[in-house]
Structures are given as C-alpha cells and as structure tokens.
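**Student:** So the protein lines, in turn, are chains A and B. The opening residue of the first sequence carries number 185 in the numbering used here; numbering runs sequentially from there. The opening residue of the second sequence carries number 185 in the numbering used here; numbering runs sequentially from there. One structure is given below, represented as structure tokens, and several questions about it will come after.
There are 2 protein chains.
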Amino acid sequence: MASQTEENYLKSLFNLANDKNEVNISELAAQMQVSMPTVNSMVKTLQKNDWLIYEKYKPVILTPQGKKEAALIIRKHRLTEMFLVNKMGFGWEEVHEIAEQVEHIHAPKFFERMDEMMGFPTIDPHGSPIPDKQGRIQEINYLSLSDCKAGQTVILAALTNSSTEFLEFLNGRNLSLGTELKIRSKEAYDQSIVVTYPDHSSETLSEKVCEKLLVKVVE
Amino acid sequence: MASQTEENYLKSLFNLANDKNEVNISELAAQMQVSMPTVNSMVKTLQKNDWLIYEKYKPVILTPQGKKEAALIIRKHRLTEMFLVNKMGFGWEEVHEIAEQVEHIHAPKFFERMDEMMGFPTIDPHGSPIPDKQGRIQEINYLSLSDCKAGQTVILAALTNSSTEFLEFLNGRNLSLGTELKIRSKEAYDQSIVVTYPDHSSETLSEKVCEKLLVKVVE
DNA sequence: CTACATTGTTAGATTATTCTAACAAAATTG
DNA sequence: CAATTTTGTTAGAATAATCTAACAATGTAG
Ligand SMILES: [Mn+2]
Ligand SMILES: [Mn+2]
Ligand SMILES: [Mn+2]
Ligand SMILES: [Mn+2]
C-alpha cells in the first residue's frame, strides 16, 4: 500500500505527465517542493511497485498501474472537495487543503457513501472531472475564454488553476461555474476581455484571468 | 505539531492514565502493539514536547498540556464517528476504523462544521462523551448493567467496549443506545441477566455482556 | 564543436519510527 | 530474604523520507 508521500508523488506524476506519460525529475522536484536527489531516490522506490519506469538520465514514465493508482487518489480528492461544498457548506476556495489530507484515507465505503449522497457527480467544484472507480477519466474539451471572440456567449465550466487567491478573485466578482457570460469586446493591445453577466453590466477580465477560465460556447 | 504516531500515543496515554495521570511503559506497549524499547524512545520524544514527564523506571505522567492535546484528538475522533452515523448513514460498528484515520486531519473548520451540522452533540455513537473545544470532558457516572438488580428498569446509555464484534452482537439483538430494559431476573450462579425490551420478551445476557453495558436507572 | 547552463546522480548525513538482543532494576513469591 | 518473574533500559540496526555537497551527463548557444 502506498504511503501518503508516495500517493502525493503519484498525483504529481499524473498531473505532470505528457502524452507519453513522461515526467522529468526537475519538474517533479519543483512540483513536490523537494530536492532533485530526493526525487531521484523516490522514483527508484516507486519503480519497485511498478508504478513507473525509471532509466538513468531519462524522464520517468508512469505505467498503467501507476496512472490508475494516481487517478484513484485524485478521485478521492475530488469527491471530497465536492462533498465539502455540496454537503457541508464550504466555499470552493476552502476545500483543496482539506481534500489534500482526506484523499489519503483508506476507507472505500467512506468515499462510496459520499459519492452516493451526492448522486454520483462527474465534476469537482472547480470543474475538473472525477475519475470513476476504475480510475478512468472522461476528458472534456473546453475552450479557454482567452480564445473566444467578441459577440460570443459562453458558460463558465471549469478552471485551469484553483488557487485560493484566484478563487477569491472570482468570488469578488460573483463569477462561479455555470455563469453565462456575454463577450462584449476584446482589447487587441492586452487581450483583456469585457464581459456582461447577471448583475454585472461590464466587467473587464485580464488575459491572465481569461486564460484560466474554461468555457462552453452557448451561441 | 504532533505526528500521527505521536497523536496515537497521546490518545492511548490518555485512555490508560489512572487518577494520577500515570501510565506504565508495558501497558502502553501492549495498547500500541509495539515493543517496549519503541515506547521507551517515544516517551522521551513526547517529553520534549512537554506532553508527559518521564523518569527512569517510573510510570510516565501526562501533563495538563498532554491531556488537552489528547482530548482534542479524541474530540475529532468522536465528532467524526457521530457524523458518520448521523449524517452519512453508517452503522455504529463501522465508524471506529474510519475515525481512527480522520482524527489526524488538521482542519479545524472541518470538525467545527461537522459539530454545527449535528447541533453540537455531547456523546458519540457508543455513548462516550465528546470533549469540548478546550479539551474538557464531562464525565457521566453510569451504572454497569451487571450491577443492577432484578425489577429495575434501565436505559442503555453507553458501552465500555466498542469492538466491531460486540457491536454486531448487540445489533443481532436489536440493542441500541436508548433502549429501555426491564430486568426480569439475575442468575446467582453465573451473574447472567434476563431482560425484556421492545420486541424482545426475554433475552438472556451473560455477565461478560452486562459488564460492558452502561445504563441509567429509570425506576 | 567547444563552453556554459541545465539536469540528473552519487555519496553521505539526519530525523522519525520501529525492531531484536542483551542487560538491569523492581516486584513478587515461597 | 533469595530466587524468579516482570518490567524497563541500552545498544545497535533497519527503513522511509529528506537534505547538502560534489560530480557527471546532457543540452544549447555561440
Ligand atoms: Mn483540489
Ligand atoms: Mn495529499
Ligand atoms: Mn472509536
Ligand atoms: Mn488514529
């Protein structure tokens, strides 16, 4: 059974993996906030459990088992976040840190019960998909708001970043998942976008913000 | 901040402590299921945090800080058990193992929210008191069913043992907290007691069972 | 293609938690 | 009280997770 530390490494590996499931040691060290020698020794440990393939001086490669293991931890994380928001009244900006701990609890029934109580949600409070019990993830291809054009109407569907600071920025503007935005104009100079949505007749969103907002085009 | 291991030792120390807050190394080793040298080294560590007083060849003594720290972990454990039963539909026999893990989560708001949602309960699903936020415990002096006499009517209020096996034994007889029991007779030979309660006109309970059932005398 | 920067590895050490073996102190018991 | 049992300690080792310092391989930019 994976230790909490190993579980956190697996999650990072999963999130950093490219299309060939490769991850560089330096990226992983940065993500985990540990030194490269620490990662070097940990990947050797993870290899013993067949969660990844390690060869000197090459990026490590997550195995299918490693991916599944990681996805199941991410499942617990996202179910927890959704439970905290939907059933316990937390704000979407408060749940990540708690889920970071709860995800390591070994009690299948606990998470199954959450899942049932919520009616088997498919996304977490930040719009990220919840892997199923087999560790499969349904990928949805949203558009970034920064790639939209003036005149389009879109619905805010997910975020590419869920830091507390960003979530509080969105709270301050009453922006939440499901909000319908009408794109009024786009400034050629700095790529900022002016949007209209319920109770907000004109909000300007910087490119930095727009690129983190994933949307579905309505019309 | 206490590690999970330290927190588990503190809980055991709290539960084993006598009226002078003393605990023997051997008892603690048995409770924690580790060797005595392991306990010996851990108590030296706990002493550094001023959670207990250690002197060679003497029983260790929990300090007030140690007691408080322990009580606050027990608070999280019992709040969790109650939440699992009252808000998530678990049986009282399923919750201890989950709470054993959840009690180590560092997220005051998480437990405060549970507390609020349940209306600030004072006992857990097994009748044990929930320490308050200051780590104070209200002790209730229940009577053991084994000390009751024929003719008395009592209400099942708590258990001195909450093992899954015992809880399943009670489930099998529809015995739960709050059940009103009329004591029909007590066998002098083996101290077994015959009781009557809703839908059960005559159940015989062995002394082994009776001594684990804590009751309030109704009349 | 060399020089420099970046990336990755090894070696060696530290802290936490645990163990077994050996020994020492304290308690019990005849 | 002396012998034995129980309880507690020390020493020494193992594993997990981490670090810094030193060095080696790889990649990049003239
Ligand atoms: Mn999260
Ligand atoms: Mn985590
Ligand atoms: Mn319990
Ligand atoms: Mn525990």
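Quick reminder that beta carbons are idealized off the backbone N, C-alpha and C, glycines included.
1) Taking 8 Å as the cut-off, does the stretch 304 to 317 of chain A touch the stretch 334 to 346 of chain A (at least 3 CB pairs, one atom from each stretch)?
2) Around the C-beta of B:E323, are 16 or more other C-beta atoms found within 10 angstroms, so that it is buried, or is it exposed?
3) Run through DSSP, which three-state label would A:I289 get?
4) Per DSSP, A:Y381 forms a beta bridge with which residues?
5) Using the Cβ count rule (16 or more neighbours within 10 Å means buried), how would you classify A:M298?
6) Would you mind stating whether A:A255 and A:P292 have Cβ atoms separated by less than 8 Å?
7) Pick helix, strand or coil for A:S330, following the three-state DSSP scheme.
8) So, with DSSP's three-state summary, where would you put B:A214?
9) Looking at the structure shown, is B:K251 part of a helix, part of a strand, or coil, going by DSSP?
10) Quick one: does B:K293 have its CB under 8 Å from some CB of chain A?
11) Quick check: the stretch 371 to 390 of chain A against the stretch 248 to 262 of chain B, are at least 3 beta-carbon pairs closer than 8 Å?
12) Taking 8 Å as the threshold, find out whether the stretch 241 to 249 of chain A comes into contact with the stretch 199 to 210 of chain A through three or more Cβ pairs.
13) Express the C-alpha separation of A:E277 and A:L351 in angstroms, rounding to a whole number.
14) Relative to ligand 4, is the shortest distance from any of its heavy atoms to the C-beta of A:H288 smaller than 7 Å?
15) Answer yes or no: the CB of B:E278 versus the heavy atoms of ligand 3, is any distance below 7 Å?
16) Return the chain-ordered list of same chain residues with a C-beta closer than 6 Å to the C-beta of B:L361, the five sequence neighbours on each side being excluded.
17) Under 8 Å between the Cβ atoms of A:K260 and A:M301?
18) Please determine whether the Cβ atom of B:E281 lies at a distance below 7 Å from any heavy atom of ligand 4.
19) Taking 7 Å as the cut-off, is the beta-carbon of B:N192 closer than that to any non-hydrogen atom of ligand 4?
20) Would you mind stating whether B:H280 and A:Q285 have Cβ atoms separated by less than 8 Å?
21) Return yes when the C-beta of A:H261 is under 7 Å from any heavy atom of ligand 3, and no when it is not.
22) Just to confirm, does A:N364 get its C-beta within under 7 Å of one of the non-hydrogen atoms of ligand 2?
23) Out of A:V401, A:L354 and A:N358, state which residue places its alpha-carbon closest to the alpha-carbon of A:T405.
24) For A:T337, which beta-bridge partners are listed by DSSP?
25) For A:M220, which residues of its own chain have a beta-carbon under 7 Å away from its beta-carbon, when the five flanking residues on both sides are left out?
26) Listing by chain order, which chain B residues have their CB less than 8 Å from the CB of A:M185?
27) Which residue marks the beginning of the alpha helix (DSSP H) containing B:V393, and which one marks its end?
**Tutor:** Based on what the coordinates show:
1) yes
2) On the second sequence, position 139 is the one that residue 323 of chain B refers to. With fewer than 16 other CB atoms across the displayed protein chains lying within 10 angstroms of its CB, B:E323 is exposed.
3) Here residue 289 of chain A is taken as the residue at index 105 of the first sequence, counted from 1. In the structure shown, A:I289 sits in coil (DSSP, three-state: anything other than H, G, I, E or B).
4) The residue given as residue 381 of chain A occupies position 197 in the first sequence. A:H384.
5) The sequence position of residue 298 of chain A within the first sequence is 114, counting from 1. So A:M298 counts as buried.
6) Position 71 of the first sequence holds residue 255 of chain A. Position 108 of the first sequence holds residue 292 of chain A. Between A:A255 and A:P292, the C-beta spacing is not below 8 Å.
7) By one-based count along the first sequence, residue 330 of chain A stands at place 146. DSSP places A:S330 in helix when its eight states are reduced to three.
8) Translated into the one-based positions of the second sequence, residue 214 of chain B becomes position 30. Looking at B:A214 - three-state DSSP - the assignment turns out to be helix.
9) Position 67 of the second sequence, counted from the start, is the residue given in the question as residue 251 of chain B. It is helical.
10) The residue labelled residue 293 of chain B in the question sits at position 109 within the second sequence. At least one chain A Cβ lies under 8 Å of B:K293.
11) no
12) yes
13) Locating residue 351 of chain A in the first sequence gives position 167, where the first residue counts as 1. Locating residue 277 of chain A in the first sequence gives position 93, where the first residue counts as 1. The C-alpha of A:E277 is placed about 5 Å away from the C-alpha of A:L351.
14) Along the first sequence, read from residue 1 onward, the residue named residue 288 of chain A stands at position 104. Outside the cutoff, so no.
15) Against the second sequence, residue 278 of chain B aligns to sequence position 94. No, since every heavy atom of ligand 3 falls outside the 7 Å radius drawn around the Cβ of B:E278.
16) The residue you call residue 361 of chain B lines up with position 177 of the second sequence. Counting only Cβ-Cβ distances below 6 Å, and skipping sequence neighbours, we find G311 and L340.
17) Taking the first residue of the first sequence as 1, we reach residue 260 of chain A at position 76. Taking the first residue of the first sequence as 1, we reach residue 301 of chain A at position 117. Going by C-beta atoms, A:K260 is not nearer than 8 Å to A:M301.
18) Against the second sequence, residue 281 of chain B aligns to sequence position 97. Result no, Cβ not under 7 Å from ligand 4.
19) One-based indexing of the second sequence puts residue 192 of chain B at position 8. Yes, the Cβ of B:N192 comes within 7 Å of a heavy atom of ligand 4.
20) Within the second sequence, the letter at position 96 stands for residue 280 of chain B. Within the first sequence, the letter at position 101 stands for residue 285 of chain A. Not a contact, by the Cβ cut-off of 8 Å.
21) As a working note, residue 261 of chain A is residue 77 in the first sequence. No - ligand 3 has no heavy atom lying nearer than 7 Å to the Cβ of A:H261.
22) Sequence index remark: in the first sequence, residue 364 of chain A carries index 180 (1-based). According to the sequence displayed, residue 364 of chain A carries Glu and not Asn. No, ligand 2 has no heavy atom inside 7 Å of this Cβ.
23) Because chain A spans 185 through 403 in this model, residue 405 of chain A falls outside it and cannot be assessed.
24) In the first sequence, the residue the question calls residue 337 of chain A occupies position 153. A:K366.
25) If you number the first sequence from 1, residue 220 of chain A lands on position 36. Within the same chain, A:M220 has close Cβ partners I209, S210 and A213.
26) As a first step, residue 185 of chain A is located in the first sequence; it is residue number 1 there, counting from the start. Neighbours of A:M185 on chain B: none; closest Cβ ~13 Å, over 8 Å.
27) The residue you call residue 393 of chain B lines up with position 209 of the second sequence. Unbroken alpha helix (DSSP H) run through B:V393: E391 to C394.
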